[in-house]
Amino acid sequence: MPQPAQVLAIDLGTSGMKAALVAADGTVTGWAERAVPLEVLPGGGAEQDPLAWWDALGEVVAELGRRHPEHLRAVTTICSSTQGEGTIAVDADGNPLTRCISWLDMRGAGHLRRQFGGFPAYRGFAVRKIARWLRLTGGMPSGTGKDPAAHMLLIRDTMPDVYRRTRTFLNVLDWINLKLTGRTVATVDSILTSWVTDNRRINRISYAPSLVAASGIDGDKLPPIVACTEVIGTLSADAAVHLGLPPTIRVVAGAIDNTAAAIGAGTVRDHEPHLYLGTSSWIAAHVPYKKTDVLAGIASVPCALPDRYLMTALQATAGANLTWLRDKVVEYDDPLLSAGRVSRDEGSIFDAFDKIIPAVPPGANGVLYTPWLYGERAPVDDPNLRAAFLNISLDTTRSDLLRAVFEGVALNTRWLTGAVNRFLDTRVSSLVITGGAARSDSWCQIFADVLDVEIRRDANPVAVNARGAGWIGAVGAGLIDFADLPGLARNDHVFEPDPARRATYDEIYGVYQDLHKRLAPVYRRLNRG
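Here it is in structure tokens:
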């Protein structure tokens with residue numbers, strides 16, 4: 001039978017390239033993925049090869065065609081969700097002059113402070129410049145150097161020949177769209193962390209001349225800005241050949257991952273939050289106002305909804321703690337995995353962990369874990385923080401350590417939730433949880449208990465970004481409206497907090513907060529410079 005119109009939804013995360021076929025009602029048919037390595041460099045560097053992304057996209061689309069040919073033939077639209085805050089310098093022909101400088105890359109921090117320093121200063125930035133950023137954009141560059149504002153300065157100062165040859169600086173989403181259509185654009189959310197836009201009128205996001213002039217980057221190296229739902233063209237001839245698709249297929253601009261996840265979770269009503277658990281994690285909710293909490297590092301920023309801002313509170317590492325545990329502690333043939341299927345597949349890891357964790361009591365027999373593997377973004381912006389196990393004794397088992405990791409991420413999220421409650425001026429009492437790590441029943445229950453909130457799990461959490469891209473593409477193509485999404489979103493389980501565990505986690509949380517106060521100065525001494 002003929003299939004309904006499909007959106008080829010591209011989901012490019014830090015771990016690799018994924019693609020799915022998404023109908024307007026949110027049905028996800030087919031899923032293919034290819035890993036793309038992240039290269040961690042000395043001095044805080046982290047890069048990926050954009051050409052490897054493009055090759056991987058060709059492979060995943062070919063796989064979808066083999067497995068679901070009738071659905072692929074029904075594709076009318078392509079839309080992407082990608083990791084954000086990456087930077088690629090491209091030449092006049094659209095060729096990358098650098099690898100992508102990842103959102104994890106901190107090498108530009110010093111260049112950022114030199115460009116924007118002054119007296120009086122806060123976190124290395126002149127106060128008057130901070131005031132202008134907050135007034136116009138709603139946010140400000142991260143002192144960690146993990147966003148394009150710093151990446152571009154890193155290229156300007158350390159790669160002058162590359163800077164001279166650069167026609168345009170593009171975020172990850174923008175580069176994928178360039179490869180798909182041959183058109184150079186940025187979306188209202190992908191351009192955000194270049195910190196050069198005036199975001200005060202949500203329907204008229206534009207470059208702020210004063211911010212561009214102060215940025216240290218030539219204004220003609222910045223791309224035109226479009227809405228996330230804009231049809232930016234059709235497939236270029238080269239892209240059509242590479243993907244094996246007709247050149248008549250429309251391309252909708254799409255969004256970066258946190259924007260797309262807010263759509264894919266169906267949380268489009270005001271103040272309705274979701275918690276995303278991936279490599280990093282965040283709490284986000286759409287709001288009708290532009291607002292900033294400087295101390296907590298939370299702001300409401302332009303997003304896919306044309307008349308709303310998206311409050312986003314970002315944690316630097318969440319699922320990355322499990323990836324670290326899997327790759328650096330648990331070996332392929334480790335007996336720890338005997339509770340589940342012995343495989344390095346992530347799903348099998350969750351099967352194993354979900355059988356181990358319930359055997360350890362809340363509080364992990366006294367072991368605490370701080371999940372700051374690569375610094376933190378909110379509710380404190382501190383690149384020097386690092387992860388740690390505390391209170392290990394001769395009686396401590398590896399199962400205790402495992403539960404402590406799960407609880408540590410949840411405790412950090414509770415810390416973040418306090419700032420979110422203040423921002424929204426209401427207590428979050430229910431959250432949609434989504435993202436790949438939400439597949440763990442044990443972790444969902446831990447979040448419910450530690451946060452003391454109802455956790456509603458997305459019925460297909462690993463597909464949330466692809467579903468979000470699919471729905472943004474469907475709106476751009478005129479197939480649905482954003483107002484339809486709450487009726488289309490599906491949850492598969494509700495995790496209620498266990499009152500018997502509240503006292504335990506309240507006490508542990510108090511210790512956790514104290515640990516940050518005591519350890520932050522130590523990490524500054526160990527990791528500065």
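If you read the sequence shown in the UniProt record's numbering, its first letter stands for residue 1, the second for the next number, and so on.
Idealized CB from N, CA, C, for every residue including glycine.
In DSSP terms, what Asp-198 is bridged to: Secondary-structure assignment with DSSP links Asp-198 through a beta bridge to Ser-206.
Could you pull the DSSP bridge partners for Glu-454 from this structure? Assignment of beta-bridge partners to Glu-454 by DSSP yields Ser-430.
On the DSSP bridge assignment, give the partners of Trp-282 in chain order. DSSP lists Tyr-276, Leu-314 as partners of Trp-282.
Any chance the stretch 147-162 sits against the stretch 105-122, with 3 or more Cβ pairs inside 8 Å? Contact between the stretch 147-162 and the stretch 105-122 is established, with three or more Cβ pairs separated by less than 8 Å.
My output table needs one value for Asn-491: the three-state DSSP class, helix, strand or coil. Asn-491: strand per DSSP, three-state reduction.
Three or more C-beta pairs below 8 Å linking the stretch 483-495 and the stretch 6-19: No: the two stretches stay apart, fewer than three of their Cβ pairs being nearer than 8 Å.
Do you know offhand how far Asp-514's Cα is from Ser-210's? Going by the C-alpha atoms only, they are around 41 Å apart.
For Arg-518, count neighbouring C-beta atoms within 10 Å of its own C-beta (all shown protein chains included) and say buried if the count is 16 or more, exposed if not. Per the 10 Å Cβ criterion, exposed.
Stretch pair the stretch 301-319 + the stretch 363-370: three plus CB contacts closer than 8 Å: No: the two stretches stay apart, fewer than three of their Cβ pairs being nearer than 8 Å.
Residue burial classification, Gly-297 (beta-carbon count within 10 angstroms, cutoff 16): Of the residues assessed, Gly-297 falls on the buried side of the cut-off, its CB having 16 or more other CB atoms within 10 angstroms.
Stretch-stretch touch, CB-based, cutoff 8 Å, three pairs: the stretch 217-235 with the stretch 427-435: The stretch 217-235 vs the stretch 427-435: no contact.
Starting from the C-beta of Val-60, find all residues in its chain whose C-beta is less than 8 Å away, skip the five residues before and the five after it, and write them out in chain order. Excluding sequence neighbours, Val-60 sits near Met-17, Lys-18, Ala-19, Ala-32, Glu-33, Arg-34.
By DSSP, does Ala-339 sit in helix, in strand, or in coil? Low confidence applies to Ala-339: its pLDDT is 48, below 50, so where it sits in the model is not reliable, and the reading given next is rough at best. Helix.
My guess is that Ser-81 and Ala-437 are in contact by the Cβ rule of under 8 Å, so how many angstroms apart are they, rounded? Taking the Cβ atoms as the reference, Ser-81 lies roughly 17 Å from Ala-437, outside the contact range of under 8 Å.
Can you tell me whether Ser-142 is buried or exposed, with buried defined as 16 or more other CB within 10 angstroms of its CB? Ser-142 comes out buried.
Should Lys-146 go down as buried or exposed, given a rule of 16 or more other Cβ atoms within 10 Å for buried? Classification for Lys-146: buried.
Taking 7 Å as the limit between beta carbons, can you name the residues of its chain near Ile-130, skipping five residues before and five after? Closer than 7 Å at the Cβ level, and outside the excluded window around Ile-130, lie Tyr-122, Met-140.
Where does Val-301 fall in DSSP's three states? Shown here, Val-301 sits in a strand according to DSSP, grouped into three states.
When you compare each of Val-294, Asp-293, Leu-295, Ala-299 to Ala-284 by their alpha carbons, which one comes out closest? Nearest option by C-alpha distance: Ala-299.
Arg-528 burial status per 10 Å Cβ neighbour count (16 or more: buried): When all chains shown are included, Arg-528 counts as exposed.
CA-CA distance, Arg-135 and Leu-245? Between Arg-135 and Leu-245, the C-alpha separation is close to 45 Å.
Expected contact under 8 Å - CB spacing of Asp-354 and Ser-281 to nearest Å: Going by Cβ atoms, the distance from Asp-354 to Ser-281 rounds to 19 Å, so no, they are not a contact pair.
Within the chosen definition, does the stretch 95-115 reach the stretch 270-278 through at least 3 CB pairs nearer than 8 Å? Because the criterion of three Cβ pairs below 8 Å is not met, the stretch 95-115 and the stretch 270-278 do not touch.
So is Arg-341 buried or exposed if we call it buried at 16+ other beta carbons inside 10 Å? Below a pLDDT of 50, predicted positions are generally treated as unreliable, and Arg-341, at 42, falls in that range; no measurement from the model is reported.
Quick one: what's Ser-80 bridged to in DSSP? As computed with DSSP, Ser-80 is found in a beta bridge with Ile-10.
Less than 8 Å separating the beta-carbons of Phe-447 and Thr-413? Result yes, Cβ atoms of Phe-447 and Thr-413 sit closer than 8 Å.
From Trp-133 to Trp-195, what distance separates their C-alpha atoms? Cα-Cα distance, rounded: 7 Å.
Beta-bridge pairing of Gly-16 - partner residues as DSSP gives them: Under DSSP, the beta-bridge partners assigned to Gly-16 are Ala-35.
Helix, strand or coil for Arg-250, going by three-state DSSP, please let me know. Looking at Arg-250 - three-state DSSP - the assignment turns out to be strand.
Residues bridged to Asp-307 (per DSSP): Within the DSSP secondary-structure output, Asp-307 pairs in no beta bridge.
Assuming Ile-249 and Ile-78 are in contact, meaning their beta carbons sit under 8 Å apart, how far apart are those beta carbons, in whole angstroms? Right, the Cβ-Cβ distance comes to about 6 Å (below 8 Å), so this counts as a contact.
Whole-angstrom distance between His-516 and Arg-377, CA atom to CA atom: For Arg-377 and His-516, the gap between their C-alpha atoms comes out near 14 Å.
So, is Glu-507 buried or exposed, given that buried needs 16 or more other C-beta atoms within 10 angstroms? Exposed: under 16 other Cβ atoms inside 10 Å.
Could you give the uninterrupted runs of the beta strand (DSSP E) lying entirely in the stretch 35-59, keeping only those of 3 residues or more? The qualifying runs are 39-41, 45-48.
With 16 other CB atoms within 10 Å as the buried threshold, where does Asp-345 fall? Low confidence applies here, because Asp-345 scores a pLDDT of 46, under 50, leaving its location unreliable and the question unanswered by this model.
Quick check on Ala-5: does DSSP put it in helix, strand or coil? Three-state DSSP puts Ala-5 in coil, outside helix and strand.
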